[in-house]
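Undergrad: Adding 697 to a residue's 1-based position in the sequence shown gives its number in the numbering used here.
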Amino acid sequence: MHRITSQEFRQLCISYIANIFLYSCALYIFHTNNYYTHFLTAQTKEALVTMFGIYIVLALPLELLLPGSRRRLESKGLIALRAFARYMREGWQYLSRFPLQRTNSPGMTRQEKTAILFLIVKFYFLPIMINFSFGNWLNVQYYWGQIGTFADTSLRLLDGVFPFLMALFLLIDTCYFIFGYSVEYPAARNEVRSVEPTLFGWLIALACYPPLNGITDKYFIWTADNSAHLPTVEATYVMSILALIFLFIYLWATLALGPRCSNLTNRGIVSWGPYAYVRHPAYIGKILGWWITSIPFFVGSGRLWEGMVALLGWTTIYFFRALTEERHLMADPAYMAYCKQVRWRFIPGVF
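1) Which runs of the alpha helix (DSSP H) spanning at least 4 residues fall entirely within the segment 733 to 784, listed in chain order?
2) Identify, in the order they occur along the chain, each residue of the same chain with its Cβ nearer than 8 angstroms to the Cβ of methionine 826, setting aside the five sequence neighbours on each side.
3) Which of the three DSSP states, helix, strand or coil, is assigned to valine 967?
4) In three-state terms, what does DSSP make of valine 880?
5) Given phenylalanine 820, which residues of its chain have a CB within under 7 angstroms of its CB, disregarding the five upstream and five downstream residues?
6) Spell out the partners DSSP gives threonine 962 in its beta bridges.
7) Give me the Cβ distance between leucine 745 and lysine 773, rounded to the nearest whole Å; I'm assuming they're in contact under 8 angstroms.
8) Is there contact between the segment 807 to 816 and the segment 755 to 763, where contact requires at least three CB pairs shorter than 8 angstroms?
9) Using beta-carbon positions only, say whether leucine 944 and phenylalanine 831 come within less than 7 angstroms of one another.
10) So the alpha helix (DSSP H) arginine 1042 belongs to, where does it begin and stop?
11) Label valine 1047 either buried or exposed according to how many other C-beta atoms from any shown protein chain fall within 10 Å of its C-beta, with 16 as the threshold for buried.
12) Roughly how many whole angstroms lie between the Cα atoms of tryptophan 1002 and serine 891?
13) Since leucine 944 is in the alpha helix (DSSP H), which residue starts that stretch and which ends it?
14) Helix, strand or coil for asparagine 828 per DSSP?
15) What do you reckon, are the CB atoms on glutamine 708 and leucine 770 nearer than 7 angstroms?
16) In the DSSP assignment, find the alpha helix (DSSP H) that holds tyrosine 1055 and state where it starts and stops.
17) Say whether the segment 917 to 935 touches the segment 963 to 976, bearing in mind that this needs 3 or more beta-carbon pairs closer than 8 angstroms, one atom from each stretch.
18) Determine the DSSP secondary structure at glycine 997, reduced to helix, strand or coil.
19) Find out if the Cβ-Cβ distance for the pair alanine 1031, threonine 990 is shorter than 7 angstroms.
20) Taking the straight line between their C-alpha atoms, what separation do you get for tryptophan 789 and threonine 806?
21) Which class does aspartate 849 belong to by DSSP, given the choice of helix, strand or coil?
22) Is DSSP giving leucine 823 helix, strand or coil here?
23) Note down the Cα distance separating isoleucine 1044 from tyrosine 906, rounded to an integer number of angstroms.
24) With 16 other CB atoms within 10 Å as the buried threshold, where does histidine 735 fall?
25) Just confirm the distance between the C-beta atoms of leucine 737 and asparagine 828, as a whole number of angstroms; I'd bet it's less than 8 angstroms.
26) Consult DSSP for alanine 885 and reduce its assignment to one of helix, strand or coil.
27) Taking just the CA atoms, how far does arginine 783 sit from arginine 957?
28) Which residue from Ala884, Ile776 and Asn960 puts its Cα closest to that of leucine 762?
29) Exposed or buried, what is alanine 848 when buried is set at 16 or more other beta-carbons lying within 10 Å of its beta-carbon?
30) Which first and last residues belong to the alpha helix (DSSP H) in which leucine 724 is found?
31) As an exercise, report each continuous alpha helix (DSSP H) stretch of at least 4 residues that is fully enclosed by the segment 898 to 931, in chain order.
32) Whole angstroms are fine: how far does the CA of arginine 700 sit from the CA of leucine 903?
33) Mind checking proline 764: buried by the 16 CB within 10 Å criterion, or exposed?
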């Protein structure tokens, strides 16, 4: 453990208490807010409490293990609380003076905005990802149990092995994102450098997640089905194998990001794995997987044009997610250099 002065330790304790206060407020909301009490499963709520307990026990020791130059004496929680208090005080003073002048209006530093926005990202996405992971775990267990119930090899593969692998890929993906939203630590090389600054960038991302995706679904119906069959076994095999390939590309992108997984943030530029070939491998893998697994809907529902419009709508949303992410990341010189190195957004040699 690296040496620390009494003043530094006192500052660390203040930061630690600030984080505990904010995390306690978030837990209270997750357990009492009408939306969260219905949306979050009992397992998710229990997991959030457990993670909070782990933070209480490990946060200070892990910070003390860091070299003095990398130790964070001011946590994002402390920065956010201090900025909020100052902003409210200066805002009141500003409003009490007439006539109002734009030059004297209260503001926040880039560091303060990043701290506040990342806390919002953390509190919004962490419970969602935990909820998703428990759902994926149930699917993994279900399809694993199904594998042995089919005497026919084709059915065992199509209705057991393939859906099991898809559920497993999604489980691994959500677990990585849970870590990314939970942990920001210098040794993990996943410190947040910036957060999406525009309202449109936030809205286009949140449109893909609860509760806002409920609104999106009203306009773009969900057509993808990983367990659906086509009229012939051969066609179903081709569809399932392609869907697995595209979903693996999606998972590969997550594995490449590693502890940096999280939406709406810049936590360092990744240029390895699938990111060495295209700039948005996760999005193209997910979208192509949706198109492939929507074929049964197109064939059997009689709602071809409605399904096509819906998929085009989701594809457009993810296209704009990619554009807003690039606009945000272009403020980082490392990303500008990366874009010169990797020219293609989605498909190598095409686009």
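Just so it is clear, CB atoms sit at the ideal spot from N, CA and C, and this is done for glycine as well.
TA: Let me lay it out:
1) 739 to 762
2) Thr871, Phe874, Ile875 and Tyr878
3) coil
4) coil
5) Ala723
6) Val892
7) Not really, about 18 angstroms apart at Cβ, beyond 8 angstroms.
8) no
9) no
10) Neither: arginine 1042 is in no alpha helix (DSSP H) and is coded neither H nor E.
11) exposed
12) 40 angstroms
13) 930 to 954
14) helix
15) yes
16) Residue coverage of the chain in this structure runs from 698 to 1048, which leaves residue 1055 outside it and unanswerable.
17) no
18) helix
19) no
20) 18 angstroms
21) coil
22) helix
23) 25 angstroms
24) exposed
25) 6 angstroms
26) helix
27) 31 angstroms
28) Ala884
29) exposed
30) 703 to 729
31) 910 to 916
32) 43 angstroms
33) exposed
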